[in-house]
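Structure first, then comments.
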Amino acid sequence: MASRLSTAWLIAQAAAVSGLSFNVPSSPPANSSAQLSDAPVAVSFEFFAFPGYWNNVPSTSTCLQNLKDLSGTWLPIRIGGTTQDRATYDASSSQYVTYTVANAGDAPSALTFGSSFMSLAGTYDGKVTIGFNRRLNNLANTVAAAVKAVDQIGSLHALSLATNPTSSAAVTRSPKALPEQLQQATTGKYPGKTLCAAISPLLTSSQPGKPHVFGETNSATQGGGGISPTYGAGFWLLDYVMQSLIMGTETLYFHRDTIGNCQYCWWGRYSMGSPYFGAYFATMALAGADKIAPLDEQTTGYAAYAIYKDDKPIRVLLYNSDYYISGWIGGLIINQLQSNWIWIPDWVDSSKQNAAARIVTFSRKFTLSSQPTQALLHFSADTRYKLIINGTRVAEGPSGGSPLIWYYDSLNIAPHLKQGDNEIYFVVIRYFAASRGGMPFERTSFPGLTVIGVVEADGESVSLDSWHGWLAEEDNSILFPMGRPDDVFLHINEHIVPSPAREKVTPVPYNIKTLNGELPPWRLRSCVIPTPEQTSISVNTVRENVGSLDSDGWVAYLSGQRPLTLAAGSSHTLEVQADVHSTAFLR
């Protein structure tokens, strides 16, 4: 039995954006995570910097206390990193660490640490994992440090092997071959673009019964300075945690590097880092939980996770990765449009008939129990579209842009809808990327149609988003031949030959995941250009007429005075002249 949760996004300005809903299973579904640990979100300290963080950065104790207050338990910490492989234990030293660097923001190339280092780690009440040097292959020194750690750290959770082992043959074996004495498989991973691709191979290599942890990880795109300080990095970290737990990771240790030179750090001496906000929210969401399960299909910028305790849902995490552009709400619409681009399968962006373009028609049928009250649609296409609703052409576009701007249009289509059956058509002409035809029309390397919007009628809501529910059909009856004398304005020739309709197919979504850093070819912007005025005109000048019907009959038909009947199988060639050079539709 599943309950139903409607997501009322707390963004009143985004009324035009499609509403979302998710089914929340009353018990953990098959795709739930394994049993969650008490504190899946953990903290890692760079080995040489640990004493500085602990003694000289007040935010360390404050933030750890904040996270403990949320989860009810102290977060696990890990002490290690690159400099653990450069560190030698000196039992006679009274210093936590001893090293020299040329600049305060550098990490030492060699260092020593004394027994007080372990005593300092022992002051923490939560689980402590500490890593010692194996790179230099000084086993006796490593064992001496480990013995001291066991003696001084009452909450010692684990001793880790080297972060970057290069000398010890024993640690070059794959996780599948690790000895039974090892209790966990831990990795240091910095996912750059695609999270699933980064994690999946690691989890498949873990042994059954030995949990996988990220012994060291950090922020989006490997913690770069241009990304980590942004607020979006906090959102990324939140989703990263949830996806990792669902895929089988037990704990993620988020790293703190050199004090004052760490873009991805959660805190420093004088400021907070954006990733901390994601960690705070993730810790709050997972507090006291047993399992987590995804509710969305992972095809848009919106995610939902059901969180369970004692096999019952206790909360739902809603994740909205839409972002603002230049401080306006259009960014929400743009993100949805970018995630709804579709096209027909097996498309080849060229023609064997020496044509400049082909036409694809997209259709959507739906039934309304009453006249709609609101139906705001946002849409665009590559290269051009005509929008036809219930047999009436209501829009065409998009307006001409450039490689830096691709316009989308917005229209309330409620006046064109009716109670009962409705049908929407987008007739899209795709000019091939490598074609000379239609040179005034900008096009990208990909064809596409994107539509978002909802039809609302007396409590009824029908989504018209293009990623589902639409059918597509290639129209080969209209050709755009090349090699003929060019029209000096549009460089277009059109040749219509009736042909049997092709079978309709389900369009294929591009699944552009802007959340993962993918860049769509269309740089969408709302069209601020006014809709052009339209005037019906009649062509009443016939220059040349070859056929059985006289010119007066053609003029009467073209000017709308009377209908025209052509004999079956007859052939007619007509040259007409308009009073002005204009963009026009024959129907």
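Numbered per mature numbering (1 follows the signal peptide of the UniProt record, and there is no 0), the sequence shown spans residues -19 to -1, 1 to 568. Glycine included, every Cβ here is placed at the ideal spot set by N, Cα and C.
Supposed contact pair residue j and residue i - C-beta distance, whole angstroms, cut 8 angstroms
i      : j      : result
Thr239 : Ala88  : 6 angstroms
Glu441 : Gln355 : The pair is not a contact, with the Cβ atoms about 11 angstroms apart (cut-off 8 angstroms).
Asp390 : Ala376 : 6 angstroms
Asp330 : Phe407 : Going by Cβ atoms, the distance from Asp330 to Phe407 rounds to 18 angstroms, so no, they are not a contact pair.
Glu27  : Arg250 : At roughly 15 angstroms, the Cβ-Cβ gap does not stay under 8 angstroms, so Glu27 and Arg250 are not in contact.
Ser136 : Val109 : 6 angstroms
Leu392 : Leu358 : 5 angstroms
Pro501 : Ile510 : So it is not a contact: roughly 21 angstroms between Cβ atoms.
Ser552 : Gly528 : 6 angstroms
Thr41  : Tyr34  : 5 angstroms
Ser383 : Glu423 : 6 angstroms
Arg504 : Leu430 : That belief does not hold up - the Cβ atoms of Arg504 and Leu430 are roughly 17 angstroms apart, past 8 angstroms.
Run of the alpha helix (DSSP H) containing residue i, from where it starts to where it stops
i           : result
Gly534      : Ser532 to Leu539
Asn301      : Segment Lys293 to Asn301 is the beta strand (DSSP E) holding Asn301; no alpha helix (DSSP H) there.
residue 571 : The structure shown does not extend to residue 571, since the chain spans only -19 to 568, so no value can be given for it.
Phe29       : Premise fails: Phe29 is in no alpha helix (DSSP H) and is neither H nor E.
Ser442      : Per DSSP, Ser442 belongs to no alpha helix (DSSP H); it is in the beta strand (DSSP E), Glu441 to Ser444.
Ser96       : Ser96 to Ala102
Reduced DSSP secondary structure (H/G/I, E/B, other) of residue i
i           : result
Gly107      : coil
Leu318      : helix
Ser90       : coil
Asp50       : helix
Gln65       : helix
Ser148      : Reliability fails at Ser148, whose pLDDT of 44 lies under 50, so the model's placement of it is uncertain and the value that follows must be treated cautiously. It is coil, neither helix nor strand.
residue 572 : A question about residue 572 goes unanswered here, because the residues of the chain that appear run from -19 up to 568.
Asn37       : helix
Pro396      : helix
Phe343      : strand
Phe422      : coil
Gly259      : helix
Gly550      : coil
Ala178      : For Ala178, the predicted structure reports a pLDDT of 48, less than 50, and the residue's modelled location is therefore unreliable. A value from the coordinates is still provided. Three-state DSSP puts Ala178 in a helix.
Ser186      : Any reading at Ser186 is ruled out, since the residue's pLDDT is 48, under 50, leaving its predicted position unreliable.
Gly241      : coil
Val561      : coil
DSSP bridge partner residues for residue i (one or two, in chain order)
i      : result
Ala338 : Tyr412
Asp402 : Thr348
Met253 : Trp248
Asp390 : Phe360
Ser42  : Ser42 pairs with nothing; no bridge assigned.
Leu505 : Trp387
Ser25  : Arg59 and His236
Asn526 : Leu555
Arg365 : Ile410
Asp456 : Ile340
Ile370 : Thr373 and Ile405
His476 : Leu460
Ile323 : Leu430 and Pro490
Val78  : Phe94
Proximity test, Cβ basis, 8 angstroms: residue i and chain C
i      : result
Thr364 : Judged by its chain identifiers, the structure shown contains no chain C, having just a single protein chain.
Limits of the beta strand (DSSP E) - the one that residue i falls within
i           : result
Tyr289      : Tyr283 to Lys290
Tyr70       : Ala68 to Tyr70
Gln558      : Thr554 to Gln558
Gly434      : Gly429 to Ala438
Leu1        : Leu1 to Pro6
residue 573 : Any question about residue 573 goes unanswered here, given that the chain covers just -19 to 568.
Gly378      : Thr373 to Gly378
Ala139      : Leu137 to Ser141
Pro275      : Lys272 to Pro275
heavy atom of the ligand SAM below 7 angstroms from residue i C-beta
i      : result
Asp106 : As presented, the structure is devoid of all ligands, the ligand SAM included, so that no description of it is given.
Subject >> Uninterrupted beta strand (DSSP E) stretches inside the stretch 190 to 234 (no shorter than 3 residues) >> reply: 193 to 198
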